[in-house]
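Undergrad:
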Amino acid sequence: MFIEVSNLKKSYRVGNTKIDALRDITFALEKGGFYVLLGPSGSGKTTLMNILGGIDTADSGKVIVDGEELTALNQKSLTNYRRKKLGFIFQFYNLVNSLTVYENVLSTKYLSEDGLDPKDVLKTVGMWEHREKFPFELSGGEQQRVAIARAVVKNPALVLCDEPTGALDFENAKKVLELLENINKGYGTTIIIATHNTAISKMAHKIMKLRSGELTEFIDNPSPISAEEVIW
Amino acid sequence: MLNRIPIRIIIRNKSQFLGIIILVFFSSLMYALFSILVTNIDMNYKNFIERYSQESFHFITLSPINVDEISKKYNLEVEERLSWDYDLGNKTLRIFSISNRVNRPLISKGTLPKSQEIAIDPNFAQANNLKIGDNFSIQGKIFKISGYLYLPDYIYIIKNEQDMLPDPIHFGVGIMNPEDLKSFIPYATHHYYMARGKVNDFTQLKEELNSRYKLLVFQEKWDNFRIIVTEKKMENAKPMAYVISGFVLIISSVLLFIVLARLIDSMHTEIGTLYALGYSHREISKVYLQFPFYIWLLGAIPGGLIGYYLSDPLVKFYVSFLNVPVIDKIFPVKELLIAIFSPAIFMISAGYLAIRRLLKMSVLEVIKGETEKSFTKRYRLSLLNGLSFKRRLMLKQGLLHLSREIVLILGVAFATLILLYGFAGGSALNNLVNDTYTNIFKYNYVYIFNNYQRENKYSNAERFSILSFNLEGTKANVIIYGIEKDSKMVSLRGDRGELLTLDGFVITRSLADKFNLRPGDTISLISKIDGKKYSLKIDNIADVYIGNSGYMSLDKFNQIFGLETDSFLGLYSFEKLDIPRETLISSMDKDYLIKAFKDNAESINKILQVMYFMSFLLSLTIIYILSSLTITENRKSIGIFKILGYYDGELSYIFLGFNNISFLLGFSLGIPMFNVLVSYIMNAVLRDVDFSMNMKADMKNVFVTFIVLLIAFLISRYLGRRRIYSISPGIILKEQAE
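Chains as they are written, first to last, in my numbering: chain G, 4 to 235; chain B, 44 to 781.
1) For H234 (chain B), is the classification buried or exposed, using 16 other Cβ atoms within 10 angstroms of its Cβ as the cut-off for buried?
2) At a Cβ threshold of 8 Å, is L171 (chain G) touching chain B?
3) D784 (chain B) to D244 (chain B), Cα distance in whole Å?
4) Using a Cβ-Cβ distance cut-off of 8 Å, determine whether D733 (chain B) contacts chain G.
5) Counting only Cβ pairs nearer than 8 Å, list the residues of chain G close to G773 (chain B).
6) List the whole-angstrom C-beta distance separating F717 (chain B) from Y464 (chain B), where the pair is believed to meet the contact cut-off of C-beta under 8 Å.
7) Check whether chain G comes within 8 Å of L757 (chain B), counting only Cβ atoms and requiring the distance to be less than that.
8) Starting from the beta carbon of N97 (chain G), find every residue of chain B whose beta carbon is closer than 7 Å, and list them in chain order.
9) Could you run through the segment 430-454 of chain B and flag, in chain order, every residue whose CB is less than 9 Å away from some CB of chain G?
10) Measure the alpha-carbon distance for I150 (chain B) versus I218 (chain B) and round it to whole angstroms.
11) How many angstroms separate the CA atom of L55 (chain G) from the CA atom of Y96 (chain G)?
12) Pick from B:L543, B:D564, B:L442: whose alpha carbon is nearest that of N702 (chain B)?
13) Can you look up E160 (chain B) in the DSSP assignment and give me helix, strand or coil?
14) When the distance is taken between beta carbons, is V121 (chain B) closer than 8 Å to Y236 (chain B)?
15) Interface residues of chain D around Y690 (chain B) at Cβ under 9 Å?
16) Please name the residue or residues paired with N583 (chain B) in a DSSP beta bridge.
17) Please name the residue or residues paired with M237 (chain B) in a DSSP beta bridge.
18) Nearest to N821 (chain B) by alpha carbon, out of B:Y690, B:S629, B:I774?
19) Going by DSSP in three states, R214 (chain G) sits in which element: helix, strand or coil?
20) What are the boundary residues of the beta strand (DSSP E) that D27 (chain G) is part of?
21) Say whether chain G places a C-beta atom closer than 8 Å to the C-beta of I770 (chain B).
22) Using the beta-carbon count (16 or more within 10 Å), is Y38 (chain G) buried or exposed?
23) Which same chain residues end up closer than 6 Å to L61 (chain B) when comparing Cβ atoms and leaving out the 5 residues on each side of it in sequence?
24) Are the beta-carbon atoms of F137 (chain G) and T82 (chain G) separated by less than 8 Å?
25) Which complete alpha helix (DSSP H) runs does the segment 196-221 of chain B hold, if anything under 4 residues is left out?
26) Verify the CB distance criterion: does T192 (chain G) have a CB-CB separation below 8 Å to chain B?
27) For D733 (chain B) and F558 (chain B), what's the separation of their Cα atoms in angstroms?
28) What does DSSP give as the partner residues of E145 (chain G) in its beta bridges?
29) Would a check of beta-carbon distances place T111 (chain G) closer than 8 Å to chain B?
30) Can you tell me which of the three DSSP states E39 (chain G) falls into?
31) Given 8 Å as the limit, is there contact between the segment 64-71 of chain G and the segment 219-226 of chain G, that is, 3 or more CB pairs closer than that?
32) With 9 Å as the C-beta to C-beta threshold (strictly closer), list the residues of the segment 703-715 of chain B near chain G in chain order.
33) Mapping the DSSP letters down to three states, classify T74 (chain G) as helix, strand or coil.
34) Helix, strand or coil for I6 (chain G)? Go by DSSP, reduced to three states.
35) Quick one: which chain B residues come within Cβ less than 8 Å of F91 (chain G)?
36) Can a CB atom of chain B be found closer than 8 Å to the CB of C164 (chain G)?
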C-alpha cells in the first residue's frame, strides 16, 4: 500500500479543555489514486492532512507513506520527506508574495532532482503568460493555479490539497479540479483533497468521511466522475 | 484602552525593542559620560590656569637676567624658578622653588611647604605610597611632606620633552622653599625664567636675551608638551564623544523607524478597523507615538543618569591621568539634559515619520494593507535570473530591504572604525616603543650640555647637536639634529627598511605626514633662539613616527647654522656616562621611557577594552535587531518554505544570507573610514604637537578586528537561526485559518 494509517490519534489542549482531533483512524490507500477526505469544519481533515504531510506529529498510531514511517521520523527526516515526496496546495494559496509567479514555481523545482520543466507546468496550468507577475497582481483562481504548478513541478509522489477550491468561485474551482485531475492522470500522482464539498467527492476513487475526529465511512467509488461533470 | 496596545506589542516583540532600547541607552550613556567628563576637565583646566597664573612662555639663559628691567620693558610678569632633579635610584623628583607670580602651585591637600618641608604631586605620592606628614629624605636631609600640589606648567607630568606618557612611579614634581632648594644647588649653571603676558615681538625679546644673557631655551606655551597635551587630548575627546554617541543615536532612530514602519504595516487590518469604528487619526497616532516614548523612557533616562553616575570615577581617572586638579565640582545640567532629551527628539521624529505614511491613507487603504502591493516591476530584479535559485532569492531578499541593509552596513562600518581605532592605537604605542627605541634610536642614554663642546672625552659616546625651530607659517616645533654621518646610535631607515645615508637632509615620517612633505620639497624654518630663517631641501624621509624632526650630518649642521667646525651639544651613549651634572642641561635614560610606557599601557588598555566591548555590543545588537526583524516579517514565507521542504539552514541562507554581504561591505567600508579619521586626528588634532602615532590599519589589526566582529556576527546569526528553527509551519497554517 502507498499510504497506511493505523490507530492514529491526535489531541490538542486549548486552555483546560482537551480536544480529540483524530480518534483511532485506520485506512490504507493505493498509489496513483484520487482521494477525497470529506467532512465539515472541525472534523479533523486538516489535522490528518498535516500529519500525512509531515508538518504535524501524531500522539499515537502509525502512518506510513511510500514506505516511510512518518510517525518514527525526526524533524529533519520529516523535512526530507516533504522535500522529496510531497506537494501541498492550500485554501489560501500561500504563495510567497515577494516572488514572481515563475520564482514561486522555481522555489520547489529547486528542491527536486528529477522535477518537471517549470515552463511546461506553467503552460499546463495556463499561467506562463503571467510568469513575471507578483501574487498580488493575480486573481484567487490564478493564484491557486500557480500553487498547483508549484506543488507538481517537483513531480511529487503525493499531492495534498487542503480545501483547494474553498476560496474560489465555481468557474475557477472547476478549472482547479480539472488541473488536479489531469495531473493525477497525466503524471500518476496520488492526490488527496480535503474538502467539505460533497460534490467534489464524486471525482474520487475512494472517499473518507470524517466527523469529530472519527473516520465514519470509507467508500469505494468504482465510477468517479470527471471534473467537468462536477456541479454544486 | 488602546494605550495597552504598545506595551503588549513591546512585550511580544521584546527582543527587537530591547535591542533598540539598549542602543538608545548606550548613546545617552556615552554622551553623558564623555560630555560631563570633557566639560569637567575643560572647566577645571581653565579655572586652574587662570587662577594660578599659567606661564605664557619660559626661557633658560646662561647668565642671570635683570628681571625688573625685562619685565618693565616688555610689560611682562617674569619670575625666576630654581629647579633640581633629585635622583633616587630609578626615580626622579624634580623639585622647584615656590613661585609667587607665575605658575603658582595649587595645594590640593595640606599646606604650602615651610622650611624643612616639601610638597609633591599627588600621583607621584600615590604611586610611591607617600602621605602628607611622612618624612622624605633628600641626600640625608629630612623633609616633611606638607601637601599635594599641582603646577600649571606641569599638567602632563613627563620628565623629558620627548616622553609620551607620564610615569608617576618613576617621575614626579615637588616644591620647596628657595633657601632649602639652594642648598642642593651649590652653583647655578643656567637660569630658568617663567613669564606671563603678551609679547608683540618675540624676535626682539629673544635677540635681547640671547645677546645679553645667552639664551639656551625659549618655549612658548603652545609649544610646551607638558601644557598643550592636555588641551589637545580634550580637543580629541570632544569630537569622539559627540560622534560616537551621535552615530549610535542616529542608528537607533533609523532602526526604530524601520521596526515601527513594519509594525504598522503588519497591523494595518486592526488599525483600519479602529478607524472604521470611529477613532481619529490623532487618537491612533497617539497610540503609536507611545513606542518611541517608551523606548526613550527605558533607554535614554537610565542611560543619561547612569552616564552621569559613572562620569565621576571617569573624571577622577582622567584628572589623575592628565594631572588637572579638581578645583570646582561641575554639574553640567545642560549636557545631562542633552544626553536625556536629544534621543527623545530623534526617537519621536522617527516614530512620527513611520506613522505619517499611515495618516495619509484612507480607511479602506489602511484595512486593505499596502505591503504586498508595494512589489512593483522594479522588484522583479530580472538581472538576477541567471543565478542559482537560492542565491537569487537571498540577493532579492536583501535588495528588497536595502534600507535595513544600509543600516547594517553603517553599523558594522562604525564598529569596525571604533575597534580598529582601539587596536591600531594600542599597537601604535607598542610599535613606537619597539620600532623607534629599539631599531632606530639604539642609544641608551642621551646627554645635552649647557654649552657647545669641542672635544669628545668619552670614546664610546657619539656626538650630536640639536636646534629648535618653528616651521614657517605654523605653530609646529621642528627639531633639527646634526649626528655623526656613520652613526651607530641612530639608524634612520626608509619605508622599505633600507638604511638612509646622511648625505643630505632627512626628515621624520611624522613631520612629512603632518605637512604633506615629499623629498625635493623645501621647508622654511625659523630659529627659536634668534628668529633667523633657514630654508632646507628635503632629500629623504625616514620611517620615524616620533618627533617632528630633521637629521643631517654634524658637519653640515655646523656649516648651515654657522657653528664652529667640530662643535657639538650632546652625546649619545650605550653606557651611562659620568658627566658632571653642572655641565648638563638635561639627560635621558631610554629604559626609563620604556618603563613609563609599560606602566601606562595597562591603564590605556582598560579604556581600550571598554571600546572593544562597546563595538562588539553595537554590532551584535544592530545585526540581531535587523535579522530578527527580517525573520518576523517573513514568518509566513518561512513557514511556507518549511512546508515545501526547505531545510532550516537553507532558509537561514535565503533570509539572512544577504547580511553576510552587508557585514563584509560594512567591514570593508570601516577601513577607509578609519583612515579618514586617523588623518583627521593627525592633521587637525596632533598637527601642532611634536608627537605622531603610526596608526595603520595593518593586516594584524584588520584581522583581529574582523575576528571580533565576526564573533558578534556569528552570535547574532546563531540567535537568528534559532528564531527560524522555532517557526512552526503548522502554527503558521493555523494562524492563517483563524
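A virtual CB, placed ideally from N, CA and C, is assigned to each residue, including glycine.
TA: So, to answer that:
1) If you number the second sequence from 1, residue 234 (chain B) lands on position 191. So H234 (chain B) ends up on the buried side.
2) To locate residue 171 (chain G), count along the first sequence from 1; it is residue 168. Output row for L171 (chain G): interface = no.
3) Past the boundaries of the shown model lies residue 784 (chain B); chain B is included only from 44 to 781, so the question cannot be answered.
4) As a working note, residue 733 (chain B) is residue 690 in the second sequence. At D733 (chain B), the pLDDT of 49 sits below 50, so the modelled position is not reliable; the number obtained from the coordinates is stated separately. Not one chain G Cβ lies under 8 Å of D733 (chain B).
5) As a position in the second sequence, residue 773 (chain B) is number 730, starting the count at 1. Residues of chain G passing the Cβ test: N53, I58, D59.
6) As a first step, residue 717 (chain B) is located in the second sequence; it is residue number 674 there, counting from the start. As a first step, residue 464 (chain B) is located in the second sequence; it is residue number 421 there, counting from the start. The Cβ separation is near 6 Å, so the contact holds.
7) What you label residue 757 (chain B) is simply residue 714 of the second sequence in a count that begins at 1. Cβ-Cβ to chain G under 8 Å: no for L757 (chain B).
8) By 1-based counting over the first sequence, the position of residue 97 (chain G) is 94. Within chain B, the residues near N97 (chain G) are I683.
9) S431, F432, K433, R435, L436, K439, Q440, L443
10) Indexing the second sequence from 1 puts residue 150 (chain B) at position 107. Indexing the second sequence from 1 puts residue 218 (chain B) at position 175. The straight-line gap from Cα to Cα measures roughly 10 Å.
11) To locate residue 55 (chain G), count along the first sequence from 1; it is residue 52. To locate residue 96 (chain G), count along the first sequence from 1; it is residue 93. If you take the alpha carbons of L55 (chain G) and Y96 (chain G), they lie about 19 Å apart.
12) Taking the second sequence and counting its residues from 1, the one referred to as residue 702 (chain B) is at position 659. Nearest to N702 (chain B) by alpha-carbon distance, out of B:L543, B:D564, B:L442, is B:L442.
13) One-based indexing of the second sequence puts residue 160 (chain B) at position 117. Looking at E160 (chain B) - three-state DSSP - the assignment turns out to be strand.
14) Taking the second sequence and counting its residues from 1, the one referred to as residue 236 (chain B) is at position 193. Taking the second sequence and counting its residues from 1, the one referred to as residue 121 (chain B) is at position 78. Result yes, Cβ atoms of Y236 (chain B) and V121 (chain B) sit closer than 8 Å.
15) Of the protein chains in the structure, G and B, none is chain D.
16) Here residue 583 (chain B) refers to the residue found at position 540 of the second sequence. The partner list for N583 (chain B) (beta bridge, DSSP) reads B:V549.
17) The count along the second sequence starts at 1 and reaches residue 237 (chain B) at position 194. The partner list for M237 (chain B) (beta bridge, DSSP) reads B:H101, B:E122.
18) This structure gives no information on residue 821 (chain B), because the portion of chain B shown stretches from 44 to 781.
19) Here residue 214 (chain G) refers to the residue found at position 211 of the first sequence. Note: R214 (chain G) maps to strand in three-state DSSP.
20) Walking along the first sequence from the start, residue 27 (chain G) turns up at place 24. Here the beta strand (DSSP E) through D27 (chain G) covers 20-32.
21) Position 727 of the second sequence, counted from the start, is the residue given in the question as residue 770 (chain B). Cβ-Cβ to chain G under 8 Å: no for I770 (chain B).
22) What you label residue 38 (chain G) is simply residue 35 of the first sequence in a count that begins at 1. Classification of Y38 (chain G): buried, given that the 10 Å Cβ count is 16 or more.
23) Counting from 1 along the second sequence, the entry for residue 61 (chain B) is found at position 18. Closer than 6 Å at the Cβ level, and outside the excluded window around L61 (chain B), lies no residue.
24) Working through the first sequence from its first residue, we reach residue 137 (chain G) at position 134. Working through the first sequence from its first residue, we reach residue 82 (chain G) at position 79. Taking 8 Å as the Cβ cut-off, F137 (chain G) and T82 (chain G) do not qualify as a contacting pair.
25) Correct list: empty.
26) Indexing the first sequence from 1 puts residue 192 (chain G) at position 189. Chain B, which has no Cβ nearer than 8 Å to the Cβ of T192 (chain G), makes this no.
27) Within the second sequence, residue 733 (chain B) is the residue found at index 690, counting from 1. Within the second sequence, residue 558 (chain B) is the residue found at index 515, counting from 1. Note that D733 (chain B) scores a pLDDT of 49, beneath 50, so its modelled location is shaky; the value from the coordinates is reported in the next line. Their backbone Cα atoms lie some 12 Å apart in a straight line.
28) Position 142 of the first sequence, counted from the start, is the residue given in the question as residue 145 (chain G). According to DSSP, E145 (chain G) bridges with nothing at all.
29) As a first step, residue 111 (chain G) is located in the first sequence; it is residue number 108 there, counting from the start. Yes - at least one Cβ of chain B is within 8 Å of the one on T111 (chain G).
30) As a working mapping, residue 39 (chain G) is identified with position 36 in the first sequence. Before going further, note that residue 39 (chain G) is Val rather than Glu in the sequence given. If DSSP states are grouped into helix, strand and coil, V39 (chain G) belongs with the strands.
31) no
32) The residues in question: there are none.
33) The residue labelled residue 74 (chain G) in the question sits at position 71 within the first sequence. Three-state result, T74 (chain G): helix.
34) Position 3 of the first sequence, counting from 1, holds the residue named residue 6 (chain G). Looking at I6 (chain G) - three-state DSSP - the assignment turns out to be strand.
35) Numbered from its first residue, the first sequence carries residue 91 (chain G) at position 88. Here the neighbours are I686, L687.
36) Here residue 164 (chain G) refers to the residue found at position 161 of the first sequence. No, its Cβ sits nowhere closer than 8 Å to a Cβ of chain B.
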